[in-house]
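Q: In our numbering, the protein residues as written are 22 to 208.
Okay, handing you the structure first.
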């Protein structure tokens, strides 16, 4: 079981744009012309046309529960769930916002990939940041220059060790201090 969700805003629609991809075939979510496609192991599982418009935020979610994959756009399933039991746990790299077949001309916010099924039916899209019951802080031991930076937190493991949360700045892992807290990782 897993859930991948995020908010996406397109600066322009109509071009081929990867939203998120793992490897070349494991899993890929993309916008193409006016359609949104979700592929697993190279097979198109969903291809829907929600009438995308530029400068509008959309919430996309893919959720697999007990072998059934569902796709939601703004909390609504545009089509019925499909069978999906493929193993997508390979060591292939993760691409966010593009890869060699098309870069996203727009923005991605609140990207989340968790190892559980969050929704199996239509739902109300959250209108605030994801929250949990625990909090934590990181201290980066690297000096940052003024300007835009890509920050990513990657959770590996169950949160019981400091190495289970990694902080990346501009694509490079940086030295950090992190207090282990399993409740924080599982939010």
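All residues carry an ideal CB built from backbone N, CA and C; glycine is no exception.
1. Could you name the residues that DSSP lists as bridge partners for residue 80?
2. Look up residue 58 in the DSSP assignment and give the residues it is bridged to.
3. Assuming residue 113 and residue 26 form a contact by the criterion Cβ under 8 Å, report the distance between their Cβ atoms to the nearest whole angstrom.
4. With a threshold of 7 Å on Cβ separation, who are the neighbours of residue 75 within its own chain once the five nearest residues in sequence on each side are excluded?
5. Check each candidate in 147, 23, 51 and name the one with the smallest Cα separation from residue 63.
6. How long is the line joining the alpha carbons of residue 65 and residue 118, rounded to whole angstroms?
7. What separation, rounded to the nearest whole angstrom, lies between the Cα atoms of residue 172 and residue 191?
8. If you draw a straight line from the C-alpha of residue 131 to the C-alpha of residue 24, how long is it?
A: Reading from the atomic positions:
1. 28
2. 51, 68
3. With 8 Å as the limit, residue 113 and residue 26 do not qualify as a contact, their Cβ atoms being about 20 Å apart.
4. 31, 32, 33, 34
5. 51
6. 19 Å
7. 6 Å
8. 13 Å
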